[in-house]
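Okay, structure first, notes after.
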Amino acid sequence: MSDSTGTTAHARHTTGRSETLTGTVRLPFPEYADPPADPVALLRCWLVQAEELGVREPRALALATATAAGGPSSRIVAVNRITDTGLVFATHRGSRKERELAVDPRASGLLYWRETSRQISLAGRVRRLPDATADALWSARPVFTHAMTVASRQSEPLGSLAEVAALRDRAARLAAAGPRPRPAAYLALELVPEEVEFWADGTGRLHERLRYTRGPEGWRAVRLQP
């Protein structure tokens, strides 16, 4: 926004800053000139830098799926770990995303880091991981999250405020009993990307975009115009 004199807009125009609220943050991106063969290591590197530079919620992934009618459906999930094949997150059996992925496993994800002027977009398929992985994710969760995760049937309707209160009371009773074992409905899923794009904000809108696509012979990298 600008005042009646247009001072803010003029300052942005003369300094060459991006049209974003936070301007442009220039971090080294040597891989743009010399792309590695596999994007996973670069994804891990960018995530580490985001964490070190104080990005708020660096593991928050905007995960998009499709409804049965083909409509869009999205939410934020936490990336628990990055493997050599994809991004691992947890969900509940019967949740909206789990139901949608059971019909159509295709999904896309976006990691957006305002503080570093970077984002990573991914597209691929989601697969369920073994119970042993779900056990490991559950064990790593803070104990205070156990009670509500056990008590809740994620995405099911609550008919009244009395039901909300009953759910709260049940979770409180479970919390008083201490750590809980992993419920069978707690699942581990992995987004296995077939496309990965790294995006870095650039001065004068000359953004650096590096897109990977995976084919029968492996990953192929190409630079994209901003």
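If you count by this note's numbering, then the sequence shown holds residues 24 to 249, one letter each, in order. For each residue, glycine too, the CB sits at the ideal point set by N, CA and C.
Sheet register partners of residue i (DSSP bridge)
{"i": "T259", "result": "Coverage of the chain is limited to positions 24 through 249, which leaves residue 259 absent and any answer about it impossible."}
{"i": "H115", "result": "Y209"}
Length of the line joining the Cα atoms of residue i and residue j
{"i": "E123", "j": "R129", "result": "9 angstroms"}
{"i": "L160", "j": "T226", "result": "40 angstroms"}
{"i": "R67", "j": "I105", "result": "7 angstroms"}
{"i": "A174", "j": "R243", "result": "45 angstroms"}
{"i": "W136", "j": "G94", "result": "26 angstroms"}
{"i": "D158", "j": "L152", "result": "11 angstroms"}
{"i": "H36", "j": "P53", "result": "Confidence is the limiting factor: at H36 the pLDDT is only 41, short of 50, which leaves the residue's position unreliable, though a coordinate-based value still follows. Near 28 angstroms, if we compare the C-alpha coordinates of P53 and H36."}
{"i": "L184", "j": "R119", "result": "22 angstroms"}
{"i": "G117", "j": "Y235", "result": "33 angstroms"}
{"i": "A92", "j": "A208", "result": "25 angstroms"}
{"i": "R40", "j": "D107", "result": "No answer about R40 holds up, because its pLDDT of 45 lies below 50 and its placement is not dependable."}
Anticipated Cβ contact below 8 angstroms, residue i with residue j, distance rounded
{"i": "L233", "j": "P58", "result": "6 angstroms"}
{"i": "D127", "j": "A89", "result": "5 angstroms"}
{"i": "P202", "j": "V166", "result": "5 angstroms"}
{"i": "A83", "j": "I99", "result": "5 angstroms"}
Cβ-based neighbour list, residue i, same chain, cut-off 6 angstroms, excluding 5 preceding and 5 following
{"i": "A223", "result": "F52, R141 and E231"}
{"i": "T156", "result": "A211"}
Beta-carbon contacts of residue i that lie in its chain and below 7 angstroms, excluding the five residues immediately before and after
{"i": "A73", "result": "P81, W136 and T139"}
{"i": "L65", "result": "E54, P59 and F221"}
8 angstroms Cβ shell around residue i - same chain, five flanking residues per side excluded
{"i": "P206", "result": "T172 and V173"}
Pair every Cβ in the stretch 207–215 with every Cβ in the stretch 95–112, then say whether three or more of these pairs are closer than 8 angstroms.
yes
Sufficient close CB pairs (3 or more, under 8 angstroms) joining the stretch 193–202 to the stretch 164–180:
yes
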